[in-house]
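Chemist:
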Amino acid sequence: MVKLSAVVALLGCCCLHGVASGTPPHAAFVPGASTKSLGNRLAKAPQARREQTIMQLSARRSRSMRPLPYPVRFAVLGGGSFGLALASVLGKKSIPVTILVRKEEVAEHINLHHRHPTYLSDIALAPSIRATVHPEEALRDASFIIHAVPVQYSRKFLEDIAPHVPKNTPIISTSKGIETGTLCMMQDILLETLGPNRETAYLSGPSFAREIALGLVTAVVAASESEALANEICDIMGCNYFRVFTSTDVVGVEVGGAVKNVIAIAAGMCEGLGLGTNAMAALVTRGCNEMQRLALSLGARPSTLTGLSGVGDTFGTCFGPLSRNRNLGVRLGKGERLENILGSSTEVAEGHATAFSLVQLIEKTNRAYRRELEFPIIYGVKEILEGKRTPAEGLRDLMAMPVRVEMWNL
């Protein structure tokens, strides 16, 4: 007889580790059934079904905890904080990683001292991690390529290195945003610059680079139209503190990753104005509603926006002190000039450019009569960033909007 404690422990392990096959860890849940006592449900089930349930739970243990069945090598494009953090995850698994950086002195410093001279400079990198300024050296024999370059710089960067990118090597993008002018997200940029038959995946979720590099528990989602590729990323990149779930909803994951940065700027302004937790919570909730409305109009699945890449990433970015977009909003709310804020930052707050692109995308894809009433937070952030109103005026206008039903059919 299998002890209940062992089953519960295993179920807890499954919920933490995720499911590489793409099946949610809660798939055994039956709507309408009591969740108060797993023991009661197992005890009442026929013996054959009970044994099957236990076997299913046992089979769910994450494959990412097993040794890799074949050697892999990663190339990381971009030597910023997030690229370094993911390299650190792989390095701790003794996976060879080559980081492509812009400056020779940065590459030399990483190779000599095993740490970046500027970003996450207090965190040592594993011996299996090295850096180079030469694309052909970084990309040669790479099994996977992680793209960690900001969206607004990605097209030119990818066009420059395209001749050196192996044709059959999958690309994993971590960039979140919408390209100014073209309104393209990373899937379109990658396929237009590297070829239409390229396998791609998109990593998103509440994941601050410093916390990942420090080995703090983080859960993300890898979205790909190829379920096999998403599963493979789960297998290879996952470990006991970096959990990778899977999805095939690329649109939902990309839209969530872009919109949450704009919501975070608004949340930061709320904090900078000293408006309190109630106001911030209300604003973030309404912002998530705008995110879902836009994503669904572009073909996303509703469940994706309530997952790690939607609500999860939004909460982390809006309330986390490490968020660049939130901090930009805080400083705006306290009265600093936008140009001074942008000039003093060493890393890109993607939400600044994304706010303008989002409004253009909404104008292009949504047919509502008054779109600024359907997306007041996105429109409001854009107008504040272009200097048409102050953060205080933006909040005043938001509070003056007509009160309607909280949630309506999307």
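Numbering follows our numbering, with no gaps: position 84 of the sequence shown is 71.
Backbone N, C-alpha and C define an ideal beta-carbon position, used for all residues, glycine too.
What you are looking at is a predicted structure, and each value in this text was computed from that prediction instead of being measured.
1. Would the beta-carbon of leucine 315 fall within 8 Å of that of isoleucine 252?
2. May I have the straight-line CA-CA distance separating aspartate 300 from proline 193, to the nearest angstrom?
3. In angstroms with no decimal places, state the Cα-to-Cα distance between histidine 151 and threonine 167.
4. Just to confirm the assignment, what range does the alpha helix (DSSP H) spanning alanine 113 have?
5. Do leucine 73 and threonine 161 have their CB atoms nearer than 8 Å?
6. Going by beta carbon distance, what residues of the same chain come within less than 7 Å of valine 231, once the five residues before and after it are set aside?
7. Quick one: residues in its chain with C-beta nearer than 8 Å to the C-beta of leucine 181, no 5 flanking neighbours on either side, listed in chain order?
8. Give the DSSP-derived three-state secondary structure of arginine 296 in the structure shown.
9. Assuming phenylalanine 59 and isoleucine 82 are in contact, meaning their beta carbons sit under 8 Å apart, how far apart are those beta carbons, in whole angstroms?
10. Across which residues does DSSP place tyrosine 189 in a beta bridge pair?
11. Below 8 Å, how does it come out for the segment 295 to 314 and the segment 242 to 250: are there three or more Cβ pairs, yes or no?
12. When DSSP builds the beta bridges, which residues end up paired with valine 84?
13. When you compare only the Cα positions, how much space is there between threonine 291 and leucine 99?
14. What separation, rounded to the nearest whole angstrom, lies between the Cα atoms of leucine 77 and methionine 256?
15. Just tell me which of Ala336, Leu201, Val63 has its CA closest to the CA of alanine 118.
16. Near glycine 274, which residues of its chain fall below 6 Å by C-beta distance, leaving aside the five closest residues on each side in sequence?
17. Could you please give me the residues that DSSP links to serine 234 through a beta bridge?
18. Do you know offhand how far alanine 266's Cα is from methionine 278's?
19. Using C-beta distances below 6 Å, list every residue in its chain close to alanine 14, excluding the 5 sequence neighbours before and after it, in chain order.
20. Quick one: Cα of alanine 379 to Cα of methionine 388, how far?
Modeler: On the basis of the data shown:
1. Within the sequence shown, residue 315 is the residue found at index 328, counting from 1. Within the sequence shown, residue 252 is the residue found at index 265, counting from 1. Less than 8 Å divides the Cβ of leucine 315 from the Cβ of isoleucine 252.
2. Along the sequence shown, one-based indexing puts residue 300 at 313. Along the sequence shown, one-based indexing puts residue 193 at 206. Computed Cα separation, rounded: 4 Å.
3. The residue given as residue 151 occupies position 164 in the sequence shown. The residue given as residue 167 occupies position 180 in the sequence shown. So the alpha carbons of these two residues sit roughly 26 Å apart.
4. Position 126 of the sequence shown, counted from the start, is the residue given in the question as residue 113. Neither: alanine 113 is in no alpha helix (DSSP H) and is coded neither H nor E.
5. Stepping through the sequence shown from its first residue, residue 73 is reached at position 86. Stepping through the sequence shown from its first residue, residue 161 is reached at position 174. Contact flag set, yes.
6. As a working mapping, residue 231 is identified with position 244 in the sequence shown. Within the same chain, Gly5, Ser51, Val207, Ala209, Ile220, Cys221, Met224, Gly225 come within 7 Å of valine 231 by CB-CB distance, once the 5 residues on both sides are set aside.
7. Numbered from 1 along the sequence shown, position 194 holds the residue referred to as residue 181. Short of 8 Å from the beta carbon of leucine 181, and not among the five residues preceding or following it, lie these beta carbons of its own chain, in chain order: Leu145, Ala149, Val152, Ile158.
8. For the purposes of this step, residue 296 is taken as the residue at position 309 of the sequence shown. Inspection of the sequence shows that residue 296 is occupied by serine rather than by arginine. The answer is helix: DSSP assigns serine 296 an H, G or I state.
9. If you number the sequence shown from 1, residue 59 lands on position 72. If you number the sequence shown from 1, residue 82 lands on position 95. The displayed chain sequence assigns valine, not phenylalanine, to residue 59. With a beta-carbon spacing of about 6 Å, valine 59 and isoleucine 82 fall inside the 8 Å limit used to define contacts.
10. Position 202 of the sequence shown, counting from 1, holds the residue named residue 189. According to the DSSP secondary-structure assignment, tyrosine 189 is paired through a beta bridge with Ser160, Ala210.
11. Contact annotation: the segment 295 to 314 touches the segment 242 to 250, with at least three C-beta pairs closer than 8 Å.
12. Along the sequence shown, read from residue 1 onward, the residue named residue 84 stands at position 97. DSSP, once it has assigned bridges, lists Phe61, Ile116 as partnering valine 84.
13. Here residue 291 is taken as the residue at index 304 of the sequence shown, counted from 1. Here residue 99 is taken as the residue at index 112 of the sequence shown, counted from 1. Rounded to the nearest angstrom, the two C-alpha atoms are 42 Å apart.
14. Here residue 77 refers to the residue found at position 90 of the sequence shown. Here residue 256 refers to the residue found at position 269 of the sequence shown. Taking the straight line from one Cα to the other gives about 36 Å.
15. Here residue 118 is taken as the residue at index 131 of the sequence shown, counted from 1. The candidate whose alpha carbon is nearest that of alanine 118 is Val63.
16. Residue numbering aside, residue 274 sits at position 287 when the sequence shown is read from its first letter. Within its own chain, the residues whose Cβ lies closer than 6 Å to the Cβ of glycine 274, once the five positions on either side in sequence are excluded, are Ile250, Ile364, listed in chain order.
17. Within the sequence shown, residue 234 is the residue found at index 247, counting from 1. The partner list for serine 234 (beta bridge, DSSP) reads Ala210.
18. On the sequence shown, residue 266 is found 279 positions in, with the first residue counted as 1. On the sequence shown, residue 278 is found 291 positions in, with the first residue counted as 1. Distance between the alpha carbons of alanine 266 and methionine 278: 18 Å.
19. Within the sequence shown, numbered from 1, the residue matching residue 14 stands at position 27. Here the model assigns alanine 14 a pLDDT of 36, short of 50, so the residue's position is not dependable, and the following value carries that caveat. Once the five neighbours on either side are set aside, alanine 14 has no close Cβ partner at all.
20. Position 392 of the sequence shown holds residue 379. Position 401 of the sequence shown holds residue 388. If you take the alpha carbons of alanine 379 and methionine 388, they lie about 15 Å apart.
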